[in-house]
Amino acid sequence: MLFGALEAGGTKMVMAIGNENGEILDRVSIPTETPDITVPRIIDYFKGKNIEALGIGSFGPVDLDRQSETYGYITSTPKLAWANYDILGNIKKELQIPIGFDTDVNAAALGEATWGSIKGLSSGIYITIGTGVGVGVYMDGRLLHGMLHPEAGHVLLSKHPEDDFEGVCPYHPNCMEALASGPSLEKRWNKKAYDLADNNKVWELEAYYIAQGLVNYILTLSPHRIVLGGGVMHQKQLFPLIRSQVVKLLNGYVKTKQIENIDEYIVPPSLNDNQGIMGCIQLAKMELQEQ
Ligand code: ADP
Ligand code: ZN
Numbered sequence: 614m615l616f617g618a619l620e621a622g623g624t625k626m627v628m629a630i631g632n633e634n635g636e637i638l639d640r641v642s643i644p645t646e647t648p649d650i651t652v653p654r655i656i657d658y659f660k661g662k663n664i665e666a667l668g669i670g671s672f673g674p675v676d677l678d679r680q681s682e683t684y685g686y687i688t689s690t691p692k693l694a695w696a697n698y699d700i701l702g703n704i705k706k707e708l709q710i711p712i713g714f715d716t717d718v719n720a721a722a723l724g725e726a727t728w729g730s731i732k733g734l735s736s737g738i739y740i741t742i743g744t745g746v747g748v749g750v751y752m753d754g755r756l757l758h759g760m761l762h763p764e765a766g767h768v769l770l771s772k773h774p775e776d777d778f779e780g781v782c783p784y785h786p787n788c789m790e791a792l793a794s795g796p797s798l799e800k801r802w803n804k805k806a807y808d809l810a811d812n813n814k815v816w817e818l819e820a821y822y823i824a825q826g827l828v829n830y831i832l833t834l835s836p837h838r839i840v841l842g843g844g845v846m847h848q849k850q851l852f853p854l855i856r857s858q859v860v861k862l863l864n865g866y867v868k869t870k871q872i873e874n875i876d877e878y879i880v881p882p883s884l885n886d887n888q889g890i891m892g893c894i895q896l897a898k899m900e901l902q903e904q
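Heads up, the working numbering is the position in the sequence shown plus 613, with the first residue counted as 1.
Here it is, written out as structure tokens:
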């Protein structure tokens, strides 16, 4: 059985065809331009491919409330051409198949929960540290939405006493995205992130901020595992730095076997950076089952 997957990002759209086992059989990527250019290209790709259902993991914020009149819309994004845009409805109108819809990071969490490091656990979170910071939450066997959906990349952090960087988030001077995203690294140190690989100070400060975010998630969500992905996490030296900062900040308060085994608790993605697109396939499967 074939399923379609669409990872709708602010800079690119990744489209794929996969089967029920999450195997990717075909994949293409196109730049994200305006909806009138990009959406017809998405529809063209999926038409005639014999897919039973489609899963979309989208940048946002998005409306995930099935009772809402604007369910399936991208809502208040700063990417103005896409603000208040009915991405789900416009694709569904043309393809006429069941379409599952969630945030990009929830899709990645679902990919890890179905086929990766969260598989078999009742909860886990997926964090991307890339152009932005986002958190997908898989909790008690399903994706967490709540009032809107978690926007935990914007949790507020304490500034390092020696850090006078103003941050890159237009909304918050000291949120995680402001202080720890890829663009924040590059602006603070005035170099491309991968050119900073050998500078220990950079990654100690980066780990200091990421660990604060993780501690907030551990204390509020109590996930069974934390998967850390996104471009910045390609700097693998961050993992031990983050783990030791998390232990230090928890300061012995949370005593579980997971925290004792922190190397297996805070882990990189396990699906070769396919967690997002595979999660979209699972969204498609779930939507088909629902109908
Ligand atoms: P996006 O978030 O747009 O989906 P990525 O997760 O690849 O895409 O994030 C892109 C950001 O990650 C860039 O801003 C860059 O600063 C950073 N980045 C990409 N590759 C690396 C790398 N190898 N090392 C450190 N940072 C990186
Ligand atoms: Zn913010």
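Even glycine gets a Cβ: it sits at the ideal position worked out from N, Cα and C.
Beta-ladder partner(s) of residue i, from DSSP
i, result
"E620", "V627 and G670"
"F714", "I669"
"R755", "M752"
"L841", "I740"
"Y698", "I687"
"V746", "I742"
"L615", "N632"
Beta-carbon proximity list for residue i, same chain, < 7 Å, skipping 5 on both sides
i, result
"T645", "G622, G623, T624, K625, M626 and T651"
Cβ-Cβ separation, residue j to residue i (assumed contact under 8 Å), whole Å
i, j, result
"I855", "A820", "5 Å"
"I738", "L834", "6 Å"
"L708", "K660", "7 Å"
"S736", "D717", "Their Cβ separation, rounded to whole angstroms, is 19 Å, which puts S736 and D717 out of contact at 8 Å."
"V746", "S689", "No, V746 and S689 are not in contact; Cβ-Cβ is about 17 Å, not under 8 Å."
"W695", "P653", "W695 to P653, Cβ: 15 Å. No contact."
"L761", "C788", "Not confirmed; about 16 Å, so no contact."
"A722", "G844", "Actually they do not touch by this definition, with Cβ atoms about 18 Å apart."
"L756", "D715", "6 Å"
"I731", "I656", "Not confirmed; about 32 Å, so no contact."
Cβ-based neighbour list, residue i, same chain, cut-off 8 Å, excluding 5 preceding and 5 following
i, result
"P881", "V840, L841, G842, M846, K849 and F852"
"P711", "E665, A666, L667, A897, E900, L901, E903 and Q904"
"I742", "A793, S794, G795, I823, L841, G842, G843, G844, V845 and M846"
Same chain, Cβ closer than 6 Å to residue i, five either side skipped, listed in chain order
i, result
"G702", "G685"
Quiz prompt | Ranges of the alpha helix (DSSP H) found wholly within the region 627–691, counting only runs of at least 4 | solution = 648–659
Self-check item: Test item, CB below 5 Å from any non-hydrogen atom of ligand 2
Solution: H767, C782, Y784, H785, C788 and E790
Quiz item: Can you list, in chain order, the stretches of the alpha helix (DSSP H) that have 4 or more residues and sit fully within the region 749–834?
Solution: 789–793, 795–802 and 813–834
Exercise. Note down, one range per segment and in chain order, each beta strand (DSSP E) of at least 3 residues found wholly within the region 861–904.
Key: none
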